[in-house]
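Participant:
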Amino acid sequence: MLLAIVESIGRQVILWMENSGRIVILLGNTLFHLREKPRMNHVLHQMAHLGVDSLPIVLLTILFTGMVITLQTATEFIKYGAQSSVGGVVAIAMARELAPVLTGVVVAGRVGAAITAEIGSMKVTEQIDALRVMAINPIKYLVVPRLLACVIMVPILVIFADIIGTVGGYLVATLYADISSFTYIHSITLFTVVNDIIGGLVKAMFFGGIIAIIGCYKGLTTGEGAEGVGRATTASVVSSIILIFISNYFLSLVLYR
Amino acid sequence: MIKLENISMSFHGKHILQGIDLEVKKGETLVVIGPSGSGKSTLLRLMVGLLKPTLGKVWIKGQEISHLSEDDLNKIRIGMGMVFQYSALFDSMTVGDNVAFGLREHTAMTEAEIHKIVTRNLRMVGLAGQQDVMPNELSGGMKKRVSLARAIAIRPEIMLYDEPTAGLDPIMSGTIDRLIMNAKRVLCVTSVVVTHHMSSAFKIADRVAMIHGGRIIEVGTVEQIKQSENPVVQQFILGLKSPSAYVRRRSEMR
Numbered sequence: 118m119l120l121a122i123v124e125s126i127g128r129q130v131i132l133w134m135e136n137s138g139r140i141v142i143l144l145g146n147t148l149f150h151l152r153e154k155p156r157m158n159h160v161l162h163q164m165a166h167l168g169v170d171s172l173p174i175v176l177l178t179i180l181f182t183g184m185v186i187t188l189q190t191a192t193e194f195i196k197y198g199a200q201s202s203v204g205g206v207v208a209i210a211m212a213r214e215l216a217p218v219l220t221g222v223v224v225a226g227r228v229g230a231a232i233t234a235e236i237g238s239m240k241v242t243e244q245i246d247a248l249r250v251m252a253i254n255p256i257k258y259l260v261v262p263r264l265l266a267c268v269i270m271v272p273i274l275v276i277f278a279d280i281i282g283t284v285g286g287y288l289v290a291t292l293y294a295d296i297s298s299f300t301y302i303h304s305i306t307l308f309t310v311v312n313d314i315i316g317g318l319v320k321a322m323f324f325g326g327i328i329a330i331i332g333c334y335k336g337l338t339t340g341e342g343a344e345g346v347g348r349a350t351t352a353s354v355v356s357s358i359i360l361i362f363i364s365n366y367f368l369s370l371v372l373y374r
Numbered sequence: 006m007i008k009l010e011n012i013s014m015s016f017h018g019k020h021i022l023q024g025i026d027l028e029v030k031k032g033e034t035l036v037v038i039g040p041s042g043s044g045k046s047t048l049l050r051l052m053v054g055l056l057k058p059t060l061g062k063v064w065i066k067g068q069e070i071s072h073l074s075e076d077d078l079n080k081i082r083i084g085m086g087m088v089f090q091y092s093a094l095f096d097s098m099t100v101g102d103n104v105a106f107g108l109r110e111h112t113a114m115t116e117a118e119i120h121k122i123v124t125r126n127l128r129m130v131g132l133a134g135q136q137d138v139m140p141n142e143l144s145g146g147m148k149k150r151v152s153l154a155r156a157i158a159i160r161p162e163i164m165l166y167d168e169p170t171a172g173l174d175p176i177m178s179g180t181i182d183r184l185i186m187n188a189k190r191v192l193c194v195t196s197v198v199v200t201h202h203m204s205s206a207f208k209i210a211d212r213v214a215m216i217h218g219g220r221i222i223e224v225g226t227v228e229q230i231k232q233s234e235n236p237v238v239q240q241f242i243l244g245l246k247s248p249s250a251y252v253r254r255r256s257e258m259r
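Residue numbers (the working numbering), protein chains in the order written: chain S, 118 to 374; chain V, 6 to 259.
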């Protein structure tokens, strides 16, 4: 019984390490192909498809997050007479953590799933093999444009998220918590520094990379049939989100020391 | 043109192919027959480098390819075309873009020149004027024909066909057979066709190789295969219940 449990854990660890190794190899191969000029039309197409199309859902998510954070912060801060700090706290939380992480999570759910489903479908219908037979490297053709698109577009989405989150906070602060416009904005300029925003954008680039590589890896290693595509898509979203949260901690540790 | 030397292939400890030696000469059409799961498609995938053998060597035009990197393999693959069992058309592209794909990627042709070749190839497979149709609007037979038009667009020296007539009605199967023979006649290609449709096999083959249990058990011309004394070969080509049924039938005839 005990031996079976240990064996099962051991198998899972080996599987996890194998997958991690393969993901690193895929990342290495993708970076290797970045030395060649990427297909710009593919990159732009992916930027529109993966980035621009995600904007509404990102804005909606972050708007309400900014609003609820302000609601909670303002209620508590006003009790202690610290309403003049609300704008700054919301802006810092938004720029450093909430905008990049939540944008990453939303994009992982929407874009990561789409990447895996698309590449996974291509895999099960032999389209990836067809590419290879036609002397096209699937990494160069499929992975590189998606990686570039995600690494470029997630930070751009985060810029919009920073703005909309802070605007959401402003609306709640001024309309609900009776904090004046001047106090809210002054607090933002007082507390927030450029590095807060840049750190968030650096995180967003990492998250974009994670979403693209995990999405492509899960697609390229999809099992047989529609069930395989469904399983790979779920695994892609779950793995990306977990990696975003874990890497976020270490990035915060490095970026905001 | 193609040579397999002592090829063995295993997946997860299961032997798919064992000790395969096979040669396909320039301009020849070799048809590989055998029951489902006997390793026919695996053999085809080894020839184009989609799989690497566990043991043995694969030679294409005098070059050993089983140890090559993907980029080096691609230099060899430019001279090869393949028609997949389920067509494998790029479903995000129109029929015209599918056929033009290889030309756009590997040649410096102008769009006008590419358009001319696409139109000609689609006319050749009986699909003139279908350039702007999406693959999901086509029937199985039409998809196979587009796949063939795509594969021959870059004028390959070697064509590989994986079950080209599977799932098609007899009329469409006949059309595909004629297209394979036309491709050979017009482009002088070396072809390997994997099938278990005996009528197709006997119509298009210069030689036939029978694979069974991961081993080549018979190679010969169509006549030699038809006259084979091997009960397993006869069972397969006559569609008998078991090899012993053939042995019984033969002894009755004597």
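Note that beta-carbon positions come from the ideal geometry of N, C-alpha and C, so glycine has one too.
Counting along the chain, where does the beta strand (DSSP E) carrying methionine 87(V) start and finish?
Facilitator: 85-88
Participant: Find the residues of chain S that neighbour alanine 154(V), judging by a C-beta separation of less than 9 Å, and give them in chain order.
Facilitator: Simply none; closest approach about 13 Å.
Participant: Residues of chain S with a CB under 7 Å from the CB of glycine 107(V): which are they?
Facilitator: Neighbours of glycine 107(V) on chain S, chain order: Met251.
Participant: Indicate the three-state DSSP secondary structure (helix, strand or coil) for asparagine 126(V) in the structure shown.
Facilitator: Residue state, collapsed to three classes: helix.
Participant: Going by DSSP, what residue range makes up the beta strand (DSSP E) through glutamine 23(V)?
Facilitator: Residues 19-29.
Participant: For glutamate 162(V) and glycine 168(S), what's the separation of their Cα atoms in angstroms?
Facilitator: 42 Å
Participant: Using a Cβ-Cβ cut-off of 8 Å, state whether glutamate 110(V) counts as contacting chain S.
Facilitator: yes
Participant: Which class does histidine 303(S) belong to by DSSP, given the choice of helix, strand or coil?
Facilitator: helix
Participant: In the DSSP assignment, the beta strand (DSSP E) including serine 196(V) goes from what residue to what residue?
Facilitator: 195-199
Participant: Is the beta carbon of asparagine 187(V) sitting closer than 8 Å to the one on alanine 158(V)?
Facilitator: no
Participant: Taking the C-alpha atoms as reference points, what is the distance between glycine 226(S) and alanine 252(S)?
Facilitator: 32 Å
Participant: According to the Cβ coordinates, are serine 357(S) and glycine 229(S) closer than 8 Å?
Facilitator: Serine 357(S) places its beta carbon less than 8 Å from that of glycine 229(S).
Participant: Please determine, among Thr115(V), Leu153(V) and Trp64(V), the residue with the shortest C-alpha to C-alpha distance to methionine 129(V).
Facilitator: Leu153(V)
Participant: If you measure from the beta carbon of methionine 87(V) to each beta carbon in chain S, is any gap under 8 Å?
Facilitator: yes
Participant: Could you check whether the Cβ of arginine 82(V) sits closer than 8 Å to any Cβ belonging to chain S?
Facilitator: So, interface residue.
Participant: Quick one: give me the first and last residue of the beta strand (DSSP E) that alanine 133(V) is part of.
Facilitator: Run containing alanine 133(V): none; DSSP gives neither H nor E here.
Participant: Do alanine 216(S) and alanine 278(S) have their CB atoms nearer than 8 Å?
Facilitator: yes
Participant: Taking all protein chains shown into account, decide if phenylalanine 149(S) is buried (16 or more other Cβ within 10 angstroms of its Cβ) or exposed.
Facilitator: exposed
Participant: Among Ala199(S), Leu176(S), Thr182(S) and Val175(S), whose alpha-carbon lies nearest the alpha-carbon of tyrosine 301(S)?
Facilitator: Ala199(S)
Participant: Should alanine 171(V) be flagged as near chain S, meaning a C-beta pair shorter than 8 Å?
Facilitator: no
Participant: With DSSP as the reference, please indicate the residues paired to aspartate 167(V) in a beta bridge.
Facilitator: DSSP lists Val199(V) as the bridge partner or partners of aspartate 167(V).
Participant: Do you know whose CA, among Leu248(S), Ser298(S) and Ile331(S), lies nearest arginine 263(S)'s CA?
Facilitator: Ile331(S)
Participant: In terms of alpha-carbon separation, which member of Ile209(V), Leu51(V), Ile221(V) and Ser144(V) lies closest to leucine 228(V)?
Facilitator: One point to set straight first is that residue 228(V) is glutamate, not leucine, in the sequence displayed. For the residues Ile209(V), Leu51(V), Ile221(V) and Ser144(V), the minimum Cα distance to glutamate 228(V) belongs to Ile209(V).
Participant: Any C-beta of chain S sitting closer than 8 Å to the C-beta of alanine 188(V)?
Facilitator: no
Participant: Counting only C-beta atoms, is glutamine 244(S) closer than 8 Å to chain V at any point?
Facilitator: yes
Participant: How should lysine 240(S) be labelled, buried or exposed, when 16 other C-beta atoms within 10 angstroms of its C-beta is the threshold for buried?
Facilitator: buried
Participant: Hey, is valine 123(V)'s beta-carbon within less than 8 Å of any beta-carbon in chain S?
Facilitator: It does not: the Cβ of valine 123(V) has no partner Cβ on chain S nearer than 8 Å.
Participant: Can you pull the DSSP bridge partners for threonine 34(V)?
Facilitator: DSSP lists Ser196(V) as partners of threonine 34(V).
Participant: Determine which residues share a DSSP beta bridge with lysine 62(V) and list them.
Facilitator: Glu10(V)
Participant: Of the residues Glu257(V), Phe241(V) and Ile12(V), which one's Cα is nearest the Cα of glycine 39(V)?
Facilitator: Phe241(V)
Participant: Among Leu184(V), Gln68(V), Ile25(V) and Lys31(V), which residue has its Cα nearest to the Cα of valine 49(V)?
Facilitator: Per the sequence presented here, residue 49(V) reads as leucine, with valine not at that position. That would be Ile25(V), whose Cα lies nearest to the Cα of leucine 49(V).
Participant: From Ile131(S), Gly286(S), Ile179(S) and Thr147(S), pick the residue whose C-alpha is nearest to that of valine 260(S); which is it?
Facilitator: Thr147(S)
Participant: Just to confirm the assignment, what range does the beta strand (DSSP E) spanning valine 213(V) have?
Facilitator: Its beta strand (DSSP E) spans residues 212-217.
Participant: Just mark arginine 109(V) as buried or exposed, buried being the case when its beta carbon has 16 or more other beta carbons within 10 Å.
Facilitator: exposed
Participant: Given a cut-off of 8 Å, decide if glycine 218(V) and leucine 173(V) are closer than it, judged by their beta-carbon atoms.
Facilitator: No. Outside cutoff.
Participant: Of all the CB atoms in chain V, is at least one closer than 8 Å to the CB of alanine 247(S)?
Facilitator: Yes - at least one Cβ of chain V is within 8 Å of the one on alanine 247(S).
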